[in-house]
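In the order they appear, the protein sequences are chains A and B.
Each position in the first sequence, counted from 1, maps to that position plus 17 in my numbering.
Each position in the second sequence, counted from 1, maps to that position plus 17 in my numbering.
Virtual Cβ for every residue (Gly too), placed ideally from N, Cα, C.
Computed from a predicted model, the values in this text were never measured in an experiment.
To start, the structure under review is shown below, and the notes come after it.
2 protein chains.
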Amino acid sequence: MNINTVTTKPHDRMAKALSHEMEAVNSLIRTRMASEHAPRIPEVTAHLVEAGGKRLRPMLTLAAARLCGYEGDHHIRLAATVEFIHTATLLHDDVVDESAQRRGRPTANLLWDNKSSVLVGDYLFARSFQLMVETGSLRVLDILANASATIAEGEVLQMTAAQDLRTDESVYLQVVRGKTAALFSAATESGGVIAGAEDAQVQALFDYGDALGIAFQIADDLLDYQGDSAATGKNVGDDFRERKLTLPVIKAVAQATEEERAFWQRTIEKGRQQDGDLEQALAIMGKYDTLTATRVDAEAWAEKAKAALDVLPEHEIRDMLRDLADYVVARLS
Amino acid sequence: MNINTVTTKPHDRMAKALSHEMEAVNSLIRTRMASEHAPRIPEVTAHLVEAGGKRLRPMLTLAAARLCGYEGDHHIRLAATVEFIHTATLLHDDVVDESAQRRGRPTANLLWDNKSSVLVGDYLFARSFQLMVETGSLRVLDILANASATIAEGEVLQMTAAQDLRTDESVYLQVVRGKTAALFSAATESGGVIAGAEDAQVQALFDYGDALGIAFQIADDLLDYQGDSAATGKNVGDDFRERKLTLPVIKAVAQATEEERAFWQRTIEKGRQQDGDLEQALAIMGKYDTLTATRVDAEAWAEKAKAALDVLPEHEIRDMLRDLADYVVARLS
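Given below as C-alpha cells:
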C-alpha cells in the first residue's frame, strides 16, 4: 500500500478512478428520474438525489465492467438502473419502517406522505426497468429480475422474522442477502456480463458482491451496538429499541439461559421495554462475547470477498475492490 | 349475432373459447405467486387469487396471440405477467387509497397491514419481471417496461390531480391511460408481438387495448354517478365523497358559473362536504347534461376500439373482442 492507499478511503479512490463514468451515471439519473407529466415525481426524486449517498452500488457496476475491459457505454445505464432499484427500495423501506430520517435528512414519507413514497418508488422501479431493457442484454435482465425478487422476498421475510426468536443465523443470512447482498452481487455480476467476461469471472464478480454485501450488512448491524453515534449517525441500540433481531442478539438467544430467554421474549418479541434494558442486553451479549463473534463473521465474509477476486485480471480497480472489502470491516475494530 | 352471443357476456364467451389456456395461466399464477422463504407472501397472494376477478387483462393477451395465429406457449407467461402487474398495482392502490374493501372482500392492507401490501406488491412486480424475461423477447420487455412507467406516472398524477379543479380532460385522459388503458394496451400489443404479427396488426392491437381501456374507465367513472349499487358493488357518489375529480364533474367544472365553481372548490378541493351536497352535485351535472356527454365519450372510445380491429384477421376471437367493446358501454344505457 502506498501513502495514498492508507490515507484515502477505498470508495473515494474508486470514485476518483471512475469519475468520468460516475458523472455520466449521475447525469443519466437526473434525466430519468424526472417526469414530464407528474410534478410530484421530480419533487420527491430531487430530494433523494440531493441527499447524495456514496453511490456505492452503481460504482461497483462500473468497476466490474472496467475490470473486465469493457469499452461500450451500456454500463452507464446499468449503473443508473442499480441506483434506481436501490432508491426505490429505500422509499418503500421508509414507509414500512415508518422512518422519519435517512442520511440525517427527513424522509420523503415525512416530507410528503406514504402515498408519494409508495408510488414514486414504483415509478423508479419502472424507470430502472426501462433503462435495463435499453442495454439489450437478456442475461442482464435475468440477473436483475432475480435480484429484484430476492430483495422483495427478503424484505417480507425481515418483516415477519425480525421479532421472532426462532429466527436463526440461516434466516438472518437470507434477510441480509435480500436487503443488501442481492443488489451488490447483481451490480458486480451484471457489470461483468455486459463486458462479456468469461463465466468464471462473472461467477467471481457475483461471489465478490455477495460476500461484500453480507460483510457490509453484518458490520452495520454490529455498529448499531458498538459504534459511536457521531460516526454512524445512529444511536447505539436503535435496532434493540426497534426490536430488530440482528446477528449479535441472535447469537445470544442461541445460548440463552431460561431467564435470558424470558428477557429477549419480553424486550424483542413482546416489545415491553423499560429503562436499563439496553444495558442488560449489552451485558448478556458481553457474557457470550457475541459482538466479537459477529465481528469474526463479518471479517470472514470480507476475506471471502477478497478471495473471489483472485480469478480476475490484475488491475488497479481489483486492488481497490480488495481494499474496499478490508475497509468495510476495518470500521469494526 | 346468434342466440348464444346475445345471452352470454362476451368475456364469458372468450373465457370459454380460451379455457384451456386460461387454466394454464391460472396454474402458473398459483405456482409463481408462492414463496419458498417468506410465509407471509403465500398468505397474502392466496387471498388475492381466491378473490378471483374476471382476469380480463390476461385474457386479452391470450386473445391477441390466438387471433394472430400463435402456436407457442410464451403467451401463457405473458398473460400471467400482466395479471401479476395488475395485482401488484391493486395492492399498492389499496394502500394509497386507504381502501377497506375490494370485490366485496376486506383488502390485504386491512387483513394484514400496509407494510405487507407494499412489500408483497413489490414481490409480485419482481415475479412478473422474471416471467417476462423468460419469454426471451426484448420487444415484449420494452412494451411492459414502458407500460409500467406509464402506470406509475398515472398513479402519481392522479394523487395530485384528483382534487385540483385545474384538472382538465387531457389530464384526466393521462390519468386514465395510467390507471387502466396502459395495461390493457400492453396486454393486447404484447400478445401480437409474441405471435410475430406484422407491424400494422401490432399497432391495431395496441390501439384496441388503449381505446377499450379508456372506454372501460370512463364507463366506470360514469357508473359511479348513475349505476345502481347492487350491480356495481359501490354506492352512488363514492367518487364525489372521496373527492375524485372524474369526467362527469370535470365537464361540469368547465362550464361552471361562479357560484357553482365555489361549490366544487368547497366540496372537491377543500373536502368540506355536508348533507345534500351529492344531490347538489348531481343537479349541476344534470343542468349541463354531463352524464350524457360522458356516455357519448365512452361510446366513441368503444367505436374506436372496434374500428382498430378491422386490420386483424377474421376470427371468432375478433368478433368477441368487438362485442367486448360494445359490452363495456352497453352497461351505461
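Annotated three-state conformation of R348 of chain B is coil, per DSSP. Of all C-beta pairs linking the region 78-94 of chain B to the region 32-39 of chain B, three or more are shorter than 8 Å, placing the two stretches in contact.
Contact annotation: in the region 137-167 of chain A, residues whose CB is within less than 7 Å of a CB in chain B are V137, D139, Y140, F142, A143, R144, F146, Q147, V150, G153, L155, L158, D159, A162, N163, S165, A166. In this structure N126 of chain A is buried. Its beta-carbon is surrounded by 16 or more other beta-carbon atoms within 10 angstroms. The secondary-structure analysis by DSSP pairs Q118 of chain A across a beta bridge with A:P123. Not a single C-beta of chain B is nearer than 8 Å to the C-beta of M50 of chain A. Identification of residues in the region 206-221 of chain B having a C-beta nearer than 7 Å to some C-beta of chain A yields an empty set. Our two residues, D114 of chain A and R283 of chain A, have alpha carbons roughly 21 Å apart in a direct line. Excluding five sequence positions before and after Y305 of chain A, the CB atoms of its chain that fall closer than 8 Å to its own CB belong to K268, A269, Q272, given in chain order. Of all residues in the region 35-60 of chain B, only S52, E53, H54, A55, P56, R57, I58 come within less than 9 Å of chain A when Cβ atoms are compared, listed by chain position. Pairing Y140 of chain A with A166 of chain B gives a Cβ-Cβ distance under 8 Å. Under a criterion of Cβ atoms nearer than 7 Å, no residue of chain A is adjacent to H103 of chain B; the nearest Cβ is some 13 Å distant.
Going by C-alpha positions, R49 of chain A is about 28 Å away from V173 of chain A. DSSP, read as helix, strand or coil, puts Q175 of chain B in helix.
Cβ-Cβ separation between T311 of chain A and L239 of chain A: approximately 5 Å, consistent with a contact (criterion under 8 Å). A300 of chain A: member of the alpha helix (DSSP H) spanning 294-304, first to last residue.
Against chain A, the CB of Q234 of chain B has no partner CB under 8 Å away; the residue lies outside that interface. Check the Cα spacing between D181 of chain B and each of B:A315, B:A279, B:S134: the tightest is with B:A279. The beta carbon of K26 of chain A is closer than 8 Å to those of Y344 in its chain, skipping five residues each way along the sequence.
Closer than 7 Å at the C-beta level to chain B, one finds these residues of the region 170-182 of chain A: E170, E172, V173, L174, M176, T177. Taking a contact to require three or more Cβ pairs closer than 8 Å, the region 176-191 of chain A and the region 140-159 of chain A do not qualify as touching. If the five residues before and after E333 of chain A are omitted, its C-beta is found closer than 7 Å to the C-beta atoms of A34, all from its own chain and listed in chain order. At a beta-carbon threshold of 7 Å, the residues of chain B lying near K132 of chain A are V113, M176, ordered along the chain. In the structure shown, the three-state DSSP call for T311 of chain A is helix. DSSP places R49 of chain A in the uninterrupted alpha helix (DSSP H) bounded by 36-50. Chain B places a beta carbon closer than 8 Å to that of H109 of chain A, counting this residue as a contact. Q272 of chain B is outside the set of residues whose beta carbon lies under 8 Å from a beta carbon in chain A. V135 of chain A sits close to V112 of chain A, with the two beta carbons spaced by under 8 Å.
In the three-state scheme derived from DSSP, where H, G and I count as helix and E and B as strand, Q243 of chain A is classed as helix. Using a Cβ-Cβ cut-off of 8 Å, V135 of chain A counts as an interface residue toward chain B, since at least one Cβ of chain B sits closer than that to its own. Selection B:T78, B:V61, B:A117, B:W129 evaluated against A105 of chain B yields B:V61 as nearest (Cα-Cα). With the criterion set as a beta carbon lying under 7 Å from some beta carbon of chain B, the members of the region 185-196 of chain A are Q191, in sequence order.
Judged by beta-carbon spacing, L158 of chain A lies within the 8 Å limit of L158 of chain B, meaning their Cβ atoms are closer than that value. Closest by C-alpha distance to A96 of chain B, out of B:E275, B:P330, B:E151, B:L65, is B:E151. Boundaries of the alpha helix (DSSP H) around L200 of chain B: 199-211.
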